[in-house]
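*Asks:*
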Amino acid sequence: MTAIKGKVTEPGPSVSRCGEYGDDLFSTSHPWSVYGLTDDQVDTGMQNLRKALGDNGWKITKDGKAHSAGRDPEIHAENRTEQFAFHVTAHKGGGNQTMLNFKVVSACFRAESASALDGEY
9 MTAIKGKVTE
19 PGPSVSRCGE
29 YGDDLFSTSH
39 PWSVYGLTDD
49 QVDTGMQNLR
59 KALGDNGWKI
69 TKDGKAHSAG
79 RDPEIHAENR
89 TEQFAFHVTA
99 HKGGGNQTML
109 NFKVVSACFR
119 AESASALDGE
129 Y
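Going letter by letter, the sequence shown gives residues 9 to 129 in my numbering.
1. Between Glu86 and Cys116, what straight-line distance do the alpha-carbon atoms span, to the nearest angstrom?
2. Within a Cβ cutoff of 6 Å, which residues of the same chain sit near Ala11, ignoring the five residues on either side of it in sequence?
3. What number of angstroms, rounded off, separates the C-alpha of Thr163 from the C-alpha of Asn64?
4. Distance, Cα to Cα, Met107 vs Glu18?
5. In the DSSP assignment, the beta strand (DSSP E) including Leu131 goes from what residue to what residue?
6. Rounded to whole angstroms, what is the Cα-Cα separation between Val112 and Val42?
Given below as structure tokens:
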């Protein structure tokens with residue numbers, strides 16, 4: 009949705025228990041970054057996301073500055089149909105520090121059993 013190219017971090021999504029609701033409930037989380045970008049690519053990626061999120065079933069719930077020292081631009085969105093929330097923060101500054109940081113988190117879902125979640129990461 010950003011329509012930009014850069015290097016992408018790994019390893020991938022993780023699974024965690026939603027223990028406050030029951031041992032057999034879990035959510036997934038997938039943080040990653042696209043780095044090695046220029047400041048212009050970061051700006052373009054954020055602008056493209058603003059349009060593409062709405063076109064793909066996401067509702068932007070926040071579009072502004074992060075509550076951090078750098079006051080970096082950030083977008084929060086949710087897709088109630090798919091039951092996911094999304095957060096991206098834009099970091100500028102040159103080199104590998106110029107990046108887009110993403111995180112997608114699911115709602116809590118019921119596993120086949122509590123033991124089915126053992127060993128998941």
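Beta carbons are placed, not taken as given, at the ideal position from N, Cα and C, and that holds for glycine.
*Replies:* Based on what the coordinates show:
1. 14 Å
2. Contacts found: Asn56.
3. Absent from the structure is residue 163, since the part of the chain shown begins at 9 and ends at 129.
4. Taken atom to atom, the span from the alpha-carbon of Met107 to that of Glu18 is near 14 Å.
5. Absent from the model: residue 131. The displayed extent of the chain is 9 to 129, so no value can be given.
6. Across the structure, Val112 and Val42 are spaced so that their CA atoms are roughly 14 Å apart.
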